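First comes the structure, then the notes that go with it.
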Amino acid sequence: VVYQWYTLGCKTMQIAIDLDMLLRVVQQTLHCWNEIGDVLVDPKRVGRTPILNDTHTQFLIAVLEQSPDLYLDEIADELDAVHGVEVSLAALWQTMKRLGFRAKQQLSKAASERNEEMRLKYGFWIGAESPDWLVFIDESTVDLRTAY
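Add 6 to a position in the sequence shown, counting from 1, and you land on the number used in the numbering used here.
Right, dumping it as structure tokens:
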């Protein structure tokens, strides 16, 4: 519509007012039309060139299908070792999101092996002891600066 109005002889300011658009949007649209013959820039041609090409992304998919529980840094190390491509974890994650991979929350090995009944038994057993007699490993240091 912008280009049609422009070819009819309307000035950019008048087009912006009549179409209730910003002047800069009208100017950008006309500039884009004059450069490439279209009002939409192909998104593949805009921005930085991707670090990972199609071969790298196919390798990434194969690695994730084989070992879906790898960490991002492990995947980056695989890419570097096999293809010699150093990629940031952020770029790797963006590529994975673009390919349709999502983060899945998995229980840690310790959490998946946790037995709720045994935890309750331990709670009852430890609850019978006096709190003054309990020392936990993260509190077992001695501070020689204390007076007591």
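Beta carbons: idealized from backbone N, C-alpha and C, even for Gly.
The structure presented is a predicted model; accordingly, all values stated were derived computationally and were not measured.
What residues in its chain sit with their C-beta under 7 Å from that of leucine 98, if we drop five residues either side in the sequence? Leu78, Ile81, Ala82
What three-state label does DSSP hand asparagine 40 in the structure shown? helix
Separation of valine 69 from histidine 62, as counted between CA atoms: 10 Å
Could you name the residues of the same chain whose beta carbon sits closer than 8 Å to that of leucine 14, not counting the 5 residues immediately before and after it, in chain order? none
In three-state terms, what does DSSP make of proline 74? coil
Looking at the structure shown, is phenylalanine 65 part of a helix, part of a strand, or coil, going by DSSP? helix
Residue environment, leucine 66, which counts as buried when at least 16 other CB atoms sit within 10 Å: buried
Does the Cβ of isoleucine 143 have 16 or more other Cβ atoms within 10 Å, making it buried, or fewer, making it exposed? exposed
Check alanine 134 in the structure and name its three-state DSSP category. coil
Taking 9 Å as the threshold (C-beta atoms), are leucine 25 and tryptophan 11 in contact? yes
Spatially closest choice to arginine 104 from Phe130, Asp86, Leu58, by CA coordinates: Leu58
Please check the pair isoleucine 21 and valine 32, which I expect to be a contact at CB under 8 Å, by giving their CB distance rounded to whole angstroms. 5 Å
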